[in-house]
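2 protein chains.
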Amino acid sequence: MEKPYVVGIDIGGQTAKIGLVDARGNVLVQTAIKSNDTDDYKKFIKNLSDAVTALVSKSYSMKDVRGIGIGAPNANYYKGTIEGAVNLTWGGQQEIPFSEYMSKTIGLPVKLTNDANAAALGEMTYGVARGMKDFIMITLGTGVGSGIIVNGNLLYGHDSNAGELGHVTMVRQNGRLCGCGKAGCLEAYCSATGVARTAREMLETTEKKSILRNIPAETITSKDVFEAAVEGDALAKDIFEFTGNMLGAALADFVVFSSPEAIVLFGGLTRSGDLLMKPVVESLNRNVMPRWKNKIKVLFSQLKESDAAILGASALAWELGSEG
Amino acid sequence: MEKPYVVGIDIGGQTAKIGLVDARGNVLVQTAIKSNDTDDYKKFIKNLSDAVTALVSKSYSMKDVRGIGIGAPNANYYKGTIEGAVNLTWGGQQEIPFSEYMSKTIGLPVKLTNDANAAALGEMTYGVARGMKDFIMITLGTGVGSGIIVNGNLLYGHDSNAGELGHVTMVRQNGRLCGCGKAGCLEAYCSATGVARTAREMLETTEKKSILRNIPAETITSKDVFEAAVEGDALAKDIFEFTGNMLGAALADFVVFSSPEAIVLFGGLTRSGDLLMKPVVESLNRNVMPRWKNKIKVLFSQLKESDAAILGASALAWELGSEG
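Protein chains in written order, with this note's numbering: chain Y, 1 to 324; chain V, 325 to 648.
Spelled out as structure tokens, the structure:
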């Protein structure tokens with residue numbers, strides 16, 4: 001009989017979330033451990049393996065676990081490595097053989113991918129993209145990430161780094177500096193932090209009244225902008241209009257690349273609902289090659305945000321069916 | 325024994341070129357027929373089939389032909405149809421079941437794709453991209469076309485229309501009108517006709533001396549610009565600089581999408597050699613996410629231009645191995 005469960009692990013800068021997941025996408029049990037209390041990756045992997053075993057063994061059996069899927073920053077899917085992840089205390093090394101070492105430690109097959117790719121797999125396996133073979137996942141959080149599904153598979157490209165759509169250039173002259181080192185990137189405008197930057201810019205360059213003026217400019221967050229917009233604040237609405245316009249224009253360029261059935265939006269900013277969706281869809285259809293006008297679905301993720309990272313990572317482990 | 329030959333057909337608005345090709349990419353014999361002397365697609369397919377049979381049978385045997393690959397405008401790979409090809413006299417109909425009808429007529433399996441996709445397959449099968457699993461082909465002719473190879477396969481997307489990279493938006497404000505109906509497309513700047521438009525614009529907006537001023541503006545072609553640049557004309561060099569800059573910036577955005585090993589440039593404009601290549605490579609590395617700086621090969625196609633269309637189409641037919 002096929003083993004009925006997989007483990008999904010989402011490794012972040014401070015914690016690693018662990019969940020046991022069934023084929024329908026139920027997170028049966030979950031826990032978390034610190035990911036920043038050691039600078040030795042072997043120590044971290046030992047802690048992680050112990051936590052997985054403890055979590056599963058409490059009410060289930062490790063014998064029923066098919067494998068482990070992990071979403072992590074700077075993950076190389078091809079090699080199973082984490083490469084130069086400066087935000088992880090144990091990640092500085094050039095090439096950490098994470099999959100191999102964890103697999104040896106815990107005695108199960110392990111697969112690794114980056115967080116946005118994991119989100120795309122999660123959406124395809126359990127979410128709004130079930131049954132789709134071609135779609136693009138855009139994660140709108142602190143940064144803008146993406147996972148591209150082509151013919152039912154993640155697009156990894158030559159070096160496993162494909163799908164960095166947050167770093168297409170949207171503003172070619174005097175663009176905002178991006179964390180990646182270049183300027184004008186989509187991420188510098190359409191991430192949560194990008195929205196806050198837009199707010200600060202607009203407050204400075206316009207005279208418009210706004211309740212956002214009651215907040216010290218340097219502390220404004222995208223959540224503040226959202227709350228102001230909900231209350232009908234005109235400037236806050238302008239900020240969403242600007243953000244949605246730019247995101248829609250970027251999506252239009254993505255469409256001519258891979259001709260997806262749908263684009264799925266995920267992450268904190270999507271809580272803004274129609275405030276974001278409306279200008280995105282309008283801008284997409286205004287900017288896209290006419291052949292695709294009104295043909296691309298734009299959808300919000302349906303995965304519960306608290307479970308999504310674990311679910312996405314776990315989706316990777318179903319591929320391990322034949323090996324596990 | 326495996327059948328040793330395939331037939332490649334390139335259907336254009338005026339002629340259809342036909343060639344018999346071996347596994348090493350030699351075009352053994354070739355011919356061409358008119359493609360615009362009938363408005364009945366069945367008549368055209370009959371003519372085409374007769375021409376294939378006559379060509380092959382002169383010195384070879386139809387029994388040794390594995391199948392037929394066709395490159396055609398508006399081809400749908402999934403359905404084997406040609407859809408709304410207004411530039412073909414017999415192409416107006418919404419969905420011409422081209423593969424099916426031709427296969428019935430000639431008694432061989434037939435596969436269809438668009439010209440730029442065929443070029444990418446040709447390059448992977450016989451050309452500079454042999455052995456590569458992830459690369460992007462950009463065709464710089466009257467328009468700008470593209471074929472994207474991902475993990476060894478053409479990227480077709482949900483509707484078989486993926487890879488229209490000539491229609492990403494490069495100029496977001498007051499962009500040139502493009503043949504596709506929208507404005508600011510890469511194709512409106514970096515095609516052969518785009519280069520001629522740039523020449524006319526620059527002649528009008530600058531006072532620079534140029535031998536191009538001896539040519540009536542409306543008749544200037546990209547070839548004129550090339551020849552002037554070769555003679556050291558400063559304005560002509562500016563035009564190539566502008567074109568290469570923009571193309572390189574576009575390639576930088578393509579790289580973050582599919583992380584290719586290489587980008588292969590093909591078509592008339594590539595005859596300009598270093599005049600084009602130098603600014604393209606500089607601009608790519610200036611505009612790309614730092615992770616990929618100086619890591620992406622930019623190559624010119626190695627296929628003989630007179631054979632390339634036939635070779636590209638023929639490459640499609642090797643996939644027919646198991647069915648033929």
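Glycine is no exception: its CB is placed at the ideal position from the N, C-alpha and C atoms.
Reduced DSSP category for V65(Y) - H, G, I as helix; E, B as strand; rest coil: strand
Candidates Y425(V), R595(V) and L589(V), of which the one nearest I462(V) by Cα: L589(V)
Exposed unless 16 or more other CB atoms sit within 10 angstroms - verdict on G505(V): exposed
Chain V within 8 Å of G324(Y), Cβ atoms only: Only weak support is given to the placement of G324(Y): the predicted model assigns it a pLDDT of 37, under 50, and the value that follows is read from those uncertain coordinates. False, the Cβ-Cβ gap to chain V never drops below 8 Å.
Proximal residues to V579(V) (C-beta, below 7 Å), its chain only, five neighbours per side dropped: V612, W616 and I620
Any chain V beta carbon closer than 8 Å to K304(Y): no
In chain order, each beta strand (DSSP E) run of at least 3 residues that lies wholly inside the region 266-315 of chain Y: 297-300
Chain-order list of residues whose beta-carbon lies under 7 Å from that of A541(V) (same chain, five-residue window excluded): R524 and L527
Spatial neighbours of L623(V) in its chain, beta-carbon cut-off 6 Å, leaving aside the 5 residues before and after: V452, A586 and V588
Distance between Q497(V) and K547(V) (C-alpha atoms, nearest Å): 28 Å
Chain-ordered chain Y contacts of L589(V) [CB-CB under 8 Å]: Near L589(V) there are no residues of chain Y at all, since even the closest Cβ is about 18 Å away, more than 8 Å.
Continuous alpha helix (DSSP H) stretch holding L55(Y): start and end: Y41 to S59
Three CB pairs or more closer than 8 Å across the region 41-56 of chain Y and the region 154-164 of chain Y: no
Selected residue, minimal CA-CA separation from P109(Y), among Y101(Y), V144(Y) and A183(Y): Y101(Y)
Distance, G147(Y) Cα to S314(Y) Cα: 15 Å
Beta carbon proximity, N582(V) to chain Y, threshold 8 Å: Looking at the sequence provided, one finds Ser at residue 582(V) rather than Asn. S582(V) counts as touching chain Y.
Min CB distance G143(Y) to chain V below 8 Å: no
Below-8 Å beta-carbon distance, T169(Y) vs any chain V residue: yes
Local conformation of I18(Y) per DSSP, three classes: strand
Pairwise C-alpha distance: A249(Y) and I70(Y): 32 Å
Closer than 8 Å at the beta carbon, the chain V residues around C180(Y): M613, P614 and R615
Contact list for the region 471-500 of chain V against chain Y, Cβ threshold 9 Å: I472, V474, N475, N477, L479, Y480, G481, H482, D483, S484, N485, A486, G487, E488, L489, G490, H491, V492, T493, M494, V495 and R496
The region 233-253 of chain Y contacting the region 162-173 of chain Y, beta-carbon criterion three pairs below 8 Å: yes
Beta carbon proximity, D577(V) to chain Y, threshold 8 Å: yes
Distance CB(V21(Y))-CB(Y5(Y)) smaller than 8 Å: yes
Contacts around G145(Y), its chain only, beta-carbon distance under 7 Å, and the 5 residues preceding and following it disregarded: D115, A116, T139 and G166
Span of the alpha helix (DSSP H), counted from its first residue to its last, around I239(Y): A234 to S258
Under 8 Å between C-beta atoms of E231(Y) and I211(Y): yes
Cβ-Cβ distance between T466(V) and S515(V) below 8 Å: yes
Beta-carbon separation (whole angstroms), L644(V) vs A442(V), contact threshold 8 Å: That pair is no contact at about 14 Å.
Y480(V) - containing beta strand (DSSP E), residue span: From DSSP, Y480(V) is part of no beta strand (DSSP E); its letter is neither H nor E.
C-beta neighbour in chain V for I310(Y), strict 8 Å: no
Given R197(Y) as reference, the closest of K208(Y), N76(Y) and C178(Y) once Cα atoms are compared: C178(Y)
Chain V within 8 Å of A188(Y), Cβ atoms only: no
is_contact[A249(Y), chain V] using C-beta, thresh 8 Å: yes
C-alpha gap between I539(V) and K532(V), whole angstroms: 15 Å
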